[in-house]
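> This is the structure I have questions about; it appears just below.
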Amino acid sequence: MAECSECGKQSMSFTCKYCGDKFCSEHRLPEKHDCSKMDEKIEEEKEETDSWFQKEEVKKPAPSQKKPNYRKRTWKNELKRIFSTNYTFTIIAFTSLMYLIQSALVGTSASNFFYDLL
485 MAECSECGKQ
495 SMSFTCKYCG
505 DKFCSEHRLP
515 EKHDCSKMDE
525 KIEEEKEETD
535 SWFQKEEVKK
545 PAPSQKKPNY
555 RKRTWKNELK
565 RIFSTNYTFT
575 IIAFTSLMYL
585 IQSALVGTSA
595 SNFFYDLL
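Laid out in structure tokens, this is it:
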């Protein structure tokens, strides 16, 4: 148990983080005991945090005169890229193509075959 620096009451003490004195629960806040060092400490903390956020000038590199060599996108190049990188799309396209070829080779006679069985 410590004695309050403001009123002298014996109670559980709270230490002020600004001035370091001990206070009771009634005077524990810096505003309640008119802390003299609070403003100084707040200014110091602001200066310290402001130093973290100071903007430094970053020099941008000069733009290079050489333009990047981009390939011109054509529909052939796009199809090659799609089929070479997307295997699922390639399998679906191949299956659909085989279905169309088989349908064209067999013709309409195969489709009538099932109706004749009924």
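Just so you know, the working numbering puts 533 at position 49 of the sequence shown, and the rest follows in order with no gaps. Positions of the beta carbon are idealized from the N, C-alpha and C atoms, including for glycine.
1. Under 8 Å between the Cβ atoms of cysteine 508 and lysine 521?
2. Could you give the DSSP three-state label for threonine 499: helix, strand or coil?
3. What is the rounded straight-line gap between the Cα of isoleucine 566 and the Cα of leucine 584?
4. With a 10 Å radius around its C-beta and 16 neighbouring C-beta atoms as the bar for buried, classify cysteine 500 as buried or exposed.
5. May I ask which residues mark the beginning and end of the alpha helix (DSSP H) holding asparagine 561?
Put simply:
1. no
2. strand
3. 21 Å
4. buried
5. 559 to 569
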